[in-house]
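*Asks:* Residue numbers (the numbering used here): 40 to 346.
Note that beta-carbon positions come from the ideal geometry of N, C-alpha and C, so glycine has one too.
All figures in this text were calculated on a predicted structure; none of them were measured in a lab.
Supplied in structure tokens, the structure appears directly below.
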């Protein structure tokens with residue numbers, strides 16, 4: 040007759056079952072039994088991390104405006120990087136800048152404007168001769184057609200003057216909203232947002248918008264900033280994209296607005312390596328303009344054929 044009291048047998052059975060389970064677990068783990076504390080730690084480690092709290096629209100607007108203020112301190116000399124002396128030259132240079140660098144345009148336009156200083160002159164050009172001058176900018180046949188077409192329109196419809204209204208500019212051959220906003224903002228003082236590849240890339244990295252269409256990007260950003268900031272904001276963002284926040288390898292470790300950037304870490308984070316990625320005056324090299332503004336801290340770009 041067993042001397043155990045009721046319930047004792049059940050406890051022993053549970054204990055044996057637990058011991059057996061522990062032995063099997065030990066064997067499965069290579070002979071090492073894990074402690075409850077380690078198991079709990081492992082469970083915590085395996086648990087998925089909580090997603091970061093979504094940023095409210097108001098918080099995004101405040102962060103965006105702070106980025107603009109920070110960029111204003113980094114680039115107080117931000118300016119259009121195309122050489123020009125009047126609205127016509129800026130319009131022509133901006134059309135030429137498609138699919139090439141501002142530097143290459145600046146190296147090409149001195150000869151172009153020497154040959155065709157006015158819309159009337161450019162409209163009457165021999166196409167093959169103009170093509171040869173602007174060949175270094177690429178797509179020279181299409182660009183020649185656009186330049187001669189817009190010059191003829193300026194001559195025939197606007198008395199040889201570049202109009203100061205968006206709705207008139209976008210009717211000219213080869214002129215879209217981006218080009219029109221460049222001309223309006225920098226030749227006429229009319230606020231505008233210039234959405235080029237740099238601008239679009241950065242505002243998406245900064246999570247101001249996820250739109251890809253330039254017109255939609257322009258509309259979103261216009262709603263974040265007062266109109267008085269639009270033109271200079273465009274220059275600052277483009278400057279930053281060309282100098283630090285590059286498309287393929289941004290210099291995150293040398294970025295002055297890194298604490299405000301939700302995409303920090305997409306590029307090089309080591310400060311020393313990042314500094315080697317800096318371009319133009321930030322890296323101690325010439326800028327894109329042959330004739331930069333007086334307050335520009337970098338070196339003028341070399342003329343065509345000199346570097």
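Who are the Cβ neighbours of residue 201 in its own chain at under 6 Å, not counting the five residues just before and after it?
*Replies:* Closer than 6 Å at the Cβ level, and outside the excluded window around residue 201, lie 126, 127 and 130.
*Asks:* Taking buried to mean at least 16 other C-beta atoms within 10 Å of its own C-beta, is residue 251 buried or exposed?
*Replies:* Label assigned to residue 251: exposed.
*Asks:* I need the straight-line Cα distance from residue 293 to residue 329, nearest angstrom please.
*Replies:* One C-alpha to the other measures close to 27 Å.
*Asks:* Please list, in chain order, all residues of the same chain as residue 132 whose beta carbon is under 6 Å from its beta carbon, the five residues on each side excluded.
*Replies:* 121, 123, 144 and 148, listed in sequence order.
*Asks:* Helix, strand or coil for residue 166? Go by DSSP, reduced to three states.
*Replies:* DSSP places residue 166 in helix when its eight states are reduced to three.
*Asks:* Taking only the alpha-carbon atoms, compute the straight-line gap between residue 173 and residue 266 and give it to the nearest angstrom.
*Replies:* Cα to Cα, residue 173 sits roughly 35 Å from residue 266.
*Asks:* Can you tell me the Cα-Cα spacing of residue 276 and residue 116, whole angstroms?
*Replies:* Cα to Cα, residue 276 sits roughly 13 Å from residue 116.
*Asks:* Run the CB neighbour count on residue 336, radius 10 Å, all protein chains shown included, and call it buried at 16 or more, exposed below.
*Replies:* Looking at its Cβ environment, which holds fewer than 16 other Cβ atoms inside 10 Å, residue 336 is exposed.
*Asks:* Rounded to whole angstroms, how far is the Cβ of residue 313 from the Cβ of residue 290, which I believe are closer than 8 Å?
*Replies:* With a Cβ gap of about 4 Å, residue 313 and residue 290 count as contacting.
*Asks:* Return the first residue and the last residue of the alpha helix (DSSP H) that residue 272 is part of.
*Replies:* That run of the alpha helix (DSSP H) goes 269-282.
*Asks:* Closest by CA to residue 141, which one among 311, 160, 237 and 298?
*Replies:* When each option's Cα is compared against that of residue 141, the closest is 237.
*Asks:* Mind checking whether residue 182 and residue 134 have CB atoms under 8 Å apart?
*Replies:* Cβ atoms of residue 182 and residue 134: closer than 8 Å.
*Asks:* Buried or exposed for residue 58, going by 16 or more other Cβ atoms inside 10 Å?
*Replies:* Annotation note: pLDDT 41 at residue 58 (below 50); position unreliable, coordinate value reported separately. Per the 10 Å Cβ criterion, exposed.
*Asks:* With distances taken from CA atoms, which of 160, 185 and 137 is nearest residue 213?
*Replies:* Of the candidates 160, 185 and 137, the one whose C-alpha sits nearest the C-alpha of residue 213 is 185.
*Asks:* Taking its Cβ as the centre, do 16 or more other Cβ atoms sit within 10 Å of residue 136, making it buried, or is it exposed?
*Replies:* It is buried - the Cβ of residue 136 has at least 16 other Cβ atoms within 10 Å.
*Asks:* To the nearest angstrom, report how far apart residue 160 and residue 203 are at their CA atoms.
*Replies:* In a straight line, the C-alpha of residue 160 is about 21 Å away from that of residue 203.
*Asks:* Go ahead and pull the three-state DSSP assignment for residue 230.
*Replies:* Three-state result, residue 230: coil.
*Asks:* Need the endpoints of the alpha helix (DSSP H) that residue 238 sits in, please.
*Replies:* Its alpha helix (DSSP H) spans residues 236-244.
*Asks:* Which word fits residue 298, buried or exposed, when buried means at least 16 other C-beta atoms lie within 10 angstroms of its C-beta?
*Replies:* Label assigned to residue 298: exposed.
*Asks:* Identify which residue in 280, 306 and 272 has its Cα closest to the Cα of residue 104.
*Replies:* Checked all of 280, 306 and 272; the closest Cα to residue 104 is 272.
*Asks:* Apply the 10 Å Cβ neighbour rule to residue 92 and answer buried if 16 or more other Cβ atoms are within range, or exposed otherwise.
*Replies:* Burial call: exposed.
*Asks:* With H, G and I counted as helix, E and B as strand and the rest as coil, what does DSSP make of residue 149?
*Replies:* If DSSP states are grouped into helix, strand and coil, residue 149 belongs with the helices.
*Asks:* Excluding five sequence neighbours on each side, which residues of the same chain lie with their C-beta closer than 7 Å to the C-beta of residue 256?
*Replies:* These residues qualify, in order along the chain: 234, 239, 242, 248 and 250.
*Asks:* Just verifying my parser: in three-state terms, what is the DSSP assignment at residue 341?
*Replies:* Looking at residue 341 - three-state DSSP - the assignment turns out to be coil, as it is neither helix nor strand.
*Asks:* Say whether the region 318-328 touches the region 338-345, bearing in mind that this needs 3 or more beta-carbon pairs closer than 8 Å, one atom from each stretch.
*Replies:* A contact exists between the region 318-328 and the region 338-345.
*Asks:* I think residue 281 touches residue 246, with their Cβ atoms under 8 Å apart; what is that distance to the nearest whole Å?
*Replies:* Contact flag wrong, Cβ pair sits at about 21 Å.
*Asks:* Taking all protein chains shown into account, do 16 or more other C-beta atoms lie within 10 angstroms of the C-beta of residue 368, making it buried, or fewer, making it exposed?
*Replies:* Outside the displayed span of the chain (40 to 346) sits residue 368, for which this structure offers no information.
*Asks:* Which two residues bound the contiguous alpha helix (DSSP H) that contains residue 107?
*Replies:* Here the alpha helix (DSSP H) through residue 107 covers 96-113.
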